[in-house]
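Each remark here refers to the structure printed beneath this line.
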Amino acid sequence: MTNHHHRYCALLLVTVSSVLIMLYYTSVHVIPGDHLPWKPPESRIYMHTNRSSIEVEEADNQLGSNVSTSGGLTNSSVEKPKERETSPLQKFHYYARQIPEESVAEKKFLADQAAVQSVPTEAPGWVYNKTGADLFRKRLVGDSRFANGNFLVTQQTVNKSGLMTHSENHDNITVPEKVFNGFPKESPFKNKHFNTCSVVGNGGILKGSGCGKEIDASEFVFRFNMAPMGDKYSRDIVNKTNLITINPSMIDYRYTKGKGKGIDVKSLTHDLSAYRDSYLWIWALLSQSNARSAFKVQEALQGASARNQVNVIFPYPLVTGAIISFWKKHISAQRPSSGLLLASLATQMCEEVRLYGFWPFHADRNNRRLTQHYYGNALPTKVHKIPLELRQLQILHNNGIVRLTTHPCQ
Numbered sequence: 001m002t003n004h005h006h007r008y009c010a011l012l013l014v015t016v017s018s019v020l021i022m023l024y025y026t027s028v029h030v031i032p033g034d035h036l037p038w039k040p041p042e043s044r045i046y047m048h049t050n051r052s053s054i055e056v057e058e059a060d061n062q063l064g065s066n067v068s069t070s071g072g073l074t075n076s077s078v079e080k081p082k083e084r085e086t087s088p089l090q091k092f093h094y095y096a097r098q099i100p101e102e103s104v105a106e107k108k109f110l111a112d113q114a115a116v117q118s119v120p121t122e123a124p125g126w127v128y129n130k131t132g133a134d135l136f137r138k139r140l141v142g143d144s145r146f147a148n149g150n151f152l153v154t155q156q157t158v159n160k161s162g163l164m165t166h167s168e169n170h171d172n173i174t175v176p177e178k179v180f181n182g183f184p185k186e187s188p189f190k191n192k193h194f195n196t197c198s199v200v201g202n203g204g205i206l207k208g209s210g211c212g213k214e215i216d217a218s219e220f221v222f223r224f225n226m227a228p229m230g231d232k233y234s235r236d237i238v239n240k241t242n243l244i245t246i247n248p249s250m251i252d253y254r255y256t257k258g259k260g261k262g263i264d265v266k267s268l269t270h271d272l273s274a275y276r277d278s279y280l281w282i283w284a285l286l287s288q289s290n291a292r293s294a295f296k297v298q299e300a301l302q303g304a305s306a307r308n309q310v311n312v313i314f315p316y317p318l319v320t321g322a323i324i325s326f327w328k329k330h331i332s333a334q335r336p337s338s339g340l341l342l343a344s345l346a347t348q349m350c351e352e353v354r355l356y357g358f359w360p361f362h363a364d365r366n367n368r369r370l371t372q373h374y375y376g377n378a379l380p381t382k383v384h385k386i387p388l389e390l391r392q393l394q395i396l397h398n399n400g401i402v403r404l405t406t407h408p409c410q
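Using full-length UniProt numbering, the first residue of the sequence shown is number 1, and each one after it goes up by one.
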């Protein structure tokens, strides 16, 4: 009887412990919809003015269990879904396949509505912290060779024999002579420092935000991935653009005529005309294939008429690699998003960096239903962990290093 009693007690103890562990992980560590960890950030950036670096301490950087949760949340204040709009990119199969059906979009909204309740608000009364921002810049890109705007590929920083990517394989990329001649002789941002810059993400939270005037007031405006412009969006995003990015994948599915064929220059220059005399920033040096796509665009645009001439620029791989390495220490993701990378690079050429449209959820703090982008809907990629990136941006905001706007502008 005694042995049987002991075995029964041991079995009961194991069962109770297992249940408690499961309850803990499903209630604390999982974001409904994205299956990502989210707890109120205990992390802080401690500024030590007598030291040459910023300590970023992340208290809970481990991923929790990959447990799905039910999206059965109801709320009387939920905004009713509006009639579904057609995305400007729906005609492209690569993009269209990421657009969710209404039932999926509804589940994503309900799940994110629950997740947003755990997202802390940013500290009010933002004040720029120059000491902290300068320390962050040095920590981000410590190599003095790339300071003062010298973070681009130029004819001075590369030779024709090759250019090393910042991928794990460190592939050597041969630079064709025509491409080399298209590199700027020196960085157009050399020794330029802007007082205020706006980095405009494509998040659906921008729609109806009324942030256009604030964005327009900045000296320099960054935008992403050939995002649609025009009067339809002007109140929320305005049209001012100084730098627009394009990803190599977009080059392939949107502007390549066909397999093994060249660039559709007419379509590309037509779309670029919306950004006027902006720089075209291409994330070219992630891999050999990305470089090939980027070089094709540069060569094609060099052959276009003078009135369509576009200044194509590439970030120097050592600089991009340093920033990727920095963020990989603080974010458990395959790689940082291009949004986080460009926001980081903006600190190298701008005094005050203001961020708009950086919000990964399909619901805002007031239960308003959002789309993934201000111009259309899609499902987020699994490559990036944007909610974790938002947490880091909130930390930077709370310490006066960048200003993050996640609410309507006044």
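Glycine included, C-beta positions come from ideal geometry on N, C-alpha and C. Just so we're clear, the structure is a prediction, and the values are computed from it rather than from any experiment.
message: Please return the same chain residues whose Cβ sits closer than 6 Å to the Cβ of N61, not counting the five positions on each side in sequence.
response: As a working note, residue 61 is residue 61 in the sequence shown. Bear in mind that a pLDDT of 30 at N61, under 50, signals an unreliable position, so the number given afterwards is only what the model happens to contain. Cβ neighbours of N61 beyond the five flanking positions: none.
task: Taking 8 Å as the cut-off, decide whether the C-beta atoms of T196 and E389 are in contact.
output: Counted from its first residue, the sequence shown places residue 196 at position 196. Counted from its first residue, the sequence shown places residue 389 at position 389. Contact: no.
query: Going by beta carbon distance, what residues of the same chain come within less than 6 Å of F224, once the five residues before and after it are set aside?
result: Here residue 224 is taken as the residue at index 224 of the sequence shown, counted from 1. Within the same chain, F224 has close Cβ partners N202 and T245.
query: Can the beta-carbon of A284 be found less than 8 Å from the beta-carbon of A294?
result: Taking the sequence shown and counting its residues from 1, the one referred to as residue 284 is at position 284. Taking the sequence shown and counting its residues from 1, the one referred to as residue 294 is at position 294. Yes, they are a contact pair.
- prompt: What's the call for P124, buried or exposed, on a 16-neighbour Cβ count within 10 Å?
  reply: In the sequence shown, counting from the first residue as 1, residue 124 sits at position 124. Exposed is the call here.
query: Is the number of C-beta pairs between the stretch 175-186 and the stretch 120-138 that are closer than 8 Å three or more?
result: no
query: Which partner residues does C197 have in the DSSP bridge list?
result: Position 197 of the sequence shown holds residue 197. The partner list for C197 (beta bridge, DSSP) reads F220 and V353.
task: Kindly indicate the opening and closing residues of the beta strand (DSSP E) around V312.
output: For the purposes of this step, residue 312 is taken as residue 312 along the sequence shown, with counting starting at 1. Its beta strand (DSSP E) spans residues N311 to I313.
query: Which stretch, first to last residue, makes up the beta strand (DSSP E) that contains T245?
result: As a first step, residue 245 is located in the sequence shown; it is residue number 245 there, counting from the start. Start and end: L243 to I246.
field: Where T121 falls, given that 16 or more other Cβ within 10 Å makes a residue buried
entry: Here residue 121 refers to the residue found at position 121 when the sequence shown is read from its first residue. Exposed.
- prompt: Going by Cα to Cα distance, which pick from A333, Y279, L268 and F146 is closest to G303?
  reply: Taking the first residue of the sequence shown as position 1, residue 303 is located at position 303. The shortest C-alpha separation from G303 is found at L268.
query: What residues in its chain sit with their C-beta under 7 Å from that of D271, if we drop five residues either side in the sequence?
result: Counting from one through the sequence shown, the residue named residue 271 turns up at place 271. Excluding positions up to five away in sequence, the list reads M226.
task: Name the two residues that bound the continuous beta strand (DSSP E) containing W281.
output: What you label residue 281 is simply residue 281 of the sequence shown in a count that begins at 1. Its beta strand (DSSP E) spans residues Y279 to I282.
task: Give the straight-line distance between the Cα atoms of F358 and Y233, rounded to the nearest whole angstrom.
output: Translated into positions along the sequence shown, residue 358 becomes position 358. Translated into positions along the sequence shown, residue 233 becomes position 233. If you take the alpha carbons of F358 and Y233, they lie about 17 Å apart.
- request: Note the first and the last residue of the continuous alpha helix (DSSP H) segment covering S139.
  value: For the purposes of this step, residue 139 is taken as the residue at position 139 of the sequence shown. The amino acid at residue 139 is misidentified as Ser; the sequence shows Arg. R139 -> alpha helix (DSSP H) spans K130 to L140.
query: Regarding L206 and the ligand FMN, is the C-beta to nearest heavy atom distance less than 7 Å?
result: For the ligand FMN, the structure offers nothing, since it holds no ligand at all.
field: Residues bridged to A363 [DSSP beta-bridge criterion]
entry: Sequence index remark: in the sequence shown, residue 363 carries index 363 (1-based). Its beta-bridge partners are R369.
message: Quick check: what's the CA-CA separation for F146 versus R335?
response: Along the sequence shown, one-based indexing puts residue 146 at 146. Along the sequence shown, one-based indexing puts residue 335 at 335. Going from the Cα of F146 to the Cα of R335 covers about 22 Å.
task: Check T256 in the structure and name its three-state DSSP category.
output: Translated into positions along the sequence shown, residue 256 becomes position 256. Note: T256 maps to strand in three-state DSSP.
message: Within 8 Å, do at least three Cβ pairs link the stretch 366-377 to the stretch 319-329?
response: no
- prompt: With distances taken from CA atoms, which of L393, Q372 and T406 is nearest Y356?
  reply: Within the sequence shown, residue 356 is the residue found at index 356, counting from 1. Answer by Cα proximity: T406.
field: Minimum C-alpha distance to D277 - residue among N242, V265 and P248
entry: Position 277 of the sequence shown, counted from the start, is the residue given in the question as residue 277. If we check each option's Cα against that of D277, N242 comes out closest.
With 16 other Cβ atoms within 10 Å as the buried cut-off, status of H373: One-based indexing of the sequence shown puts residue 373 at position 373. So H373 counts as buried.
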